[in-house]
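Asker: I'd like to ask some things about the structure below.
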Amino acid sequence: MMRLPRFHYYRPRDIREAALVLAGEENAMVIAGGTDLLPNMKRRQQTPRTLVALRHLDELKRVTNGSGLVIGAGVTLTDLVQDRGIKSAYRGLWQAAAQVATPHLRNMGTLGGNICLDTRCNYYDQNHEWRKAIDFCMKKDGAICWVSTGSKTCLATSSTDTAPALVSLGAEVELETAHGQRTIPLHELYRDDGIHYLTRSNEEILTRIILPDGAGTRSVYWKLRRRGSFDFPVLSVAAAIRFGAGGAVDEARIVLGAVASQPVLCDSASEFLNDRSLTDEVIEEAAALCARAAKPVKNTDFSPHWRKRAVARLAAYALQELRGDDMRATREKIARQAL
Amino acid sequence: MNKVTTLKRSQQQNAHIGCQVNREPVQVSVAPGKTLLEMLREDLQLTGTKHGCELGECGACAVLVDGEPILSCLYLALEAEGCSIDTVEGMALDGRLHPLQEAFADLGGAQCGYCTPAILLTCKALLDKQPDPDRDQIREALSGNLCRCTGYQQIFESVEEAILRLDHSEQGTDLKSVPGSGG
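Chains as they are written, first to last, in the numbering used here: chain A, 1 to 339; chain B, 1001 to 1183.
See the structure below:
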């Protein structure tokens, strides 16, 4: 039986108090839904001395309309999926959230938690005894990367579903400390390092996700995994396109998930699509550019070679769906759920 | 730092929490590192809630917190303060099984039975919200519950039978007279 290690537990009155505790305590972490942190603590992958609870803070659970949409980081994935406004205006985000884990985990897990999801790897997401038997890895307690023993950085995979979708939609995030706050584009929250995968400092709390006005932009999210539920992505493609008056692409943003330690922006494919109509040839060309941007390694389910080949297919499906093709049968085959 | 020290609310020591379990108020003294699953099984002796993977990968420990199915292995007991918790022990009312339990018993919805309490509660939460779900909606609601006996077909059929019986009982029909009941 795996018990949680000992820790101090704080229940702050508000975000400011949470930020004060976070800044004043050594090795403190925030806990919201707990669906990522608690398994990691049981396996001793993450061993905070202090947990600062956010679950009960109502100020993190609001969804507000402005010129765009502001979503509190504490909104559960279930609440997000049940929001009809999000389903219609930010379809890609909705499809991503609807495919996270299982209904039970979506009832607990929050959007903020999914954005900050710890990177994952076959050599890291194991219990303490397993990891000890291979003399650990550089992400926790060890010195070497077992995925690629010559690698100087940790290659653990970014496995968040919502982040690629949010990045494709041009989302920003607000980070708050006891002394102030800053707002940055979501893609700047990440870096391609499996250990230090977030640019967020330990004292900062992710409080809000800000989406630009969704009118005129179509978005989709395609996820590849072995099973139809539970699994993290082994590959995902998020795409958002604003079409111009003539039906040609005005602006496109394609983002890959689970092929690096951060969501990967396919700038070459996005730029290629500008001012072009989504013909079959254009889609194939853009999909090939996406595959070139992906460098999957052997750290998750399925072989890297196959995952790289699958990038082009999944990207093509995403673009076909954005063009207006009926992709329900393909969706059903791949996602095993109607989206 | 002094300011932070004064903000300390809860330490490593046990804390007393109050919540409702199966409609009855309970007071429990729990350590911060205790999960709701451990509290239910070890402090309240409610062992109907099963202990599976402990990592959120199987669904065997699902209970209802304020009517929503959650995984008790990933829920801190401390955070259940003030909540209403339903476990399988509370499903029968006045000595009578819940129609879901009856249908599972009659149609072979349980094989080894280890995943059954969590599945019953997950279905109860579904039916409380939506009395007449179709097969796809049942599948989706149960997509977080693994059955290692792989008896999913009988599970879906049992849920659909329970929906029929609930429907009949609402119309005043005696449950025992419904065809297919009684095994």
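Glycine included, every Cβ here is placed at the ideal spot set by N, Cα and C.
Rounded to a whole number of angstroms, what is the C-alpha to C-alpha distance between S1169(B) and D301(A)?
Answerer: Approximately 48 Å between the Cα atoms of the pair.
Asker: Ordered along the chain, which non-local residues of its own chain (more than five positions away) have a Cβ less than 7 Å from that of M1001(B)?
Answerer: Note that M1001(B) scores 40 on pLDDT, short of 50, meaning its location in the model is unreliable; the coordinates nonetheless yield the value given after this. Contacts found: none.
Asker: Leaving out five residues before and five after G1052(B) in sequence, what residues of the same chain have Cβ atoms less than 7 Å from its Cβ?
Answerer: Cβ neighbours of G1052(B) beyond the five flanking positions: C1058, A1060 and C1061.
Asker: Tell me where the beta strand (DSSP E) around H8(A) begins and ends.
Answerer: H8 to Y10
Asker: In whole angstroms, give me the CA-to-CA distance for F1104(B) and C1149(B).
Answerer: 15 Å
Asker: Name the two residues that bound the continuous beta strand (DSSP E) containing T78(A).
Answerer: Counted as a single uninterrupted DSSP element, the stretch harbouring T78(A) is not any beta strand (DSSP E) but the alpha helix (DSSP H) occupying residues L77 to Q82.
Asker: Can you tell me the Cα-Cα spacing of L20(A) and V173(A), whole angstroms?
Answerer: 20 Å
Asker: Does the beta-carbon of I1163(B) have 16 or more other beta-carbons within 10 angstroms, so that it is buried, or is it exposed?
Answerer: buried
Asker: Determine the DSSP secondary structure at V1178(B), reduced to helix, strand or coil.
Answerer: Note that V1178(B) has pLDDT 45, beneath the 50 cutoff, so the model's placement of it is unreliable and no number is given.
Asker: If you drop the 5 nearest sequence neighbours on each side, which residues of the same chain put their C-beta closer than 6 Å to that of L1074(B)?
Answerer: Answer for L1074(B): G1056, listed in chain order.
Asker: Beta-carbon of P1069(B) versus every beta-carbon of chain A: anything under 8 Å?
Answerer: yes
Asker: If we ignore side chains and look at the alpha-carbon of each, how far apart do G216(A) and S168(A) end up?
Answerer: 14 Å
Asker: Could you tell me whether the segment 262-275 of chain A touches the segment 208-227 of chain A, where touching means 3 or more Cβ pairs closer than 8 Å?
Answerer: Two segments are said to touch when three or more pairs of C-beta atoms, one from each, lie closer than 8 Å; by this definition the segment 262-275 of chain A does not touch the segment 208-227 of chain A.
Asker: Ignoring anything shorter than 3 residues, give me the beta strand (DSSP E) runs that lie fully in the segment 175-240 of chain A, in order along the chain.
Answerer: Listed in chain order, they are 181-185, 205-211 and 217-224.
Asker: Could you compute how far the alpha carbon of I144(A) sits from the alpha carbon of R191(A)?
Answerer: 20 Å
Asker: Is the shortest distance between the beta-carbon of A97(A) and the beta-carbons of chain B less than 8 Å?
Answerer: no
Asker: Compute the distance between the beta-carbons of A53(A) and E1079(B), then report whether it is under 8 Å.
Answerer: A distance below 8 Å separates the beta carbons of A53(A) and E1079(B).
Asker: Can you list, in chain order, the residues of its chain whose CB lies under 7 Å from that of A234(A), leaving out five sequence neighbours each side?
Answerer: First, the amino acid is wrong: residue 234(A) is Val here, not Ala. The residues are L224, R225, A258, T300, D301, F302 and R307.
Asker: Could you name the residues of the segment 1023-1038 of chain B whose beta carbon sits closer than 9 Å to any beta carbon of chain A, in the order they occur along the chain?
Answerer: A1031, P1032, G1033, K1034, T1035 and E1038
Asker: For the segment 283-294 of chain A against the segment 309-320 of chain A, are there 3 or more C-beta pairs whose distance is under 8 Å?
Answerer: yes
Asker: By DSSP, does F1104(B) sit in helix, in strand, or in coil?
Answerer: helix
Asker: What ranges does the alpha helix (DSSP H) occupy inside the segment 89-157 of chain A, keeping only unbroken runs of at least 4 residues that lie completely in it?
Answerer: 91-98, 103-108, 111-115 and 128-133
Asker: Express the C-alpha separation of C154(A) and H196(A) in angstroms, rounding to a whole number.
Answerer: Taking the straight line joining both Cα atoms gives about 9 Å.
Asker: I'd like to confirm the pairing. Which residues does DSSP put opposite V1063(B) in its beta bridges?
Answerer: I1070(B)
Asker: State buried or exposed for Q99(A), treating a residue as buried only when at least 16 other CB atoms are found within 10 Å of its CB.
Answerer: buried
Asker: Just the C-alpha distance for S236(A) and A316(A), rounded to the nearest angstrom, thanks.
Answerer: 12 Å
Asker: Assuming the contact rule is C-beta atoms closer than 8 Å, G1064(B) and D1086(B) should be a hit. Round their C-beta distance to whole Å, please.
Answerer: In the sequence as presented, Gly is not what sits at residue 1064(B); that position holds Leu. Indeed, because the Cβ distance is near 4 Å, the residues count as touching under 8 Å.
Asker: For Q82(A), return the contacting residues in chain B, with the cut-off set at a CB-CB distance below 9 Å.
Answerer: Chain B residues near Q82(A): none, gap ~11 Å exceeds 9 Å.
Asker: Enumerate, from N- to C-terminal direction, the unbroken beta strand (DSSP E) stretches of 3 or more residues contained entirely within the segment 289-339 of chain A.
Answerer: Taken in chain order, the segment 289-339 of chain A contains no complete beta strand (DSSP E) segment of 3 residues or longer.
Asker: According to the neighbour-count rule (16 or more other Cβ atoms, all chains shown, within 10 Å of its Cβ), is D1066(B) buried or exposed?
Answerer: exposed
Asker: Could you check whether the Cβ of P304(A) sits closer than 8 Å to any Cβ belonging to chain B?
Answerer: no
Asker: Would you list, in chain order, the members of the segment 30-52 of chain A that have their beta-carbon closer than 7 Å to a beta-carbon of chain B?
Answerer: G34, T35, L38, P39 and K42
Asker: Out of P304(A), V63(A), V297(A) and L319(A), point me to the one whose CA is closest to S151(A)'s CA.
Answerer: V297(A)
Asker: For the segment 40-54 of chain A against the segment 6-19 of chain A, are there 3 or more C-beta pairs whose distance is under 8 Å?
Answerer: yes
Asker: Taking Cβ-Cβ distances shorter than 9 Å, what residues in chain A pair up with A1077(B)?
Answerer: Simply none; closest approach about 10 Å.
Asker: I'd like to know if T110(A) contacts chain B, where contact means its C-beta is closer than 8 Å to some C-beta of that chain.
Answerer: no
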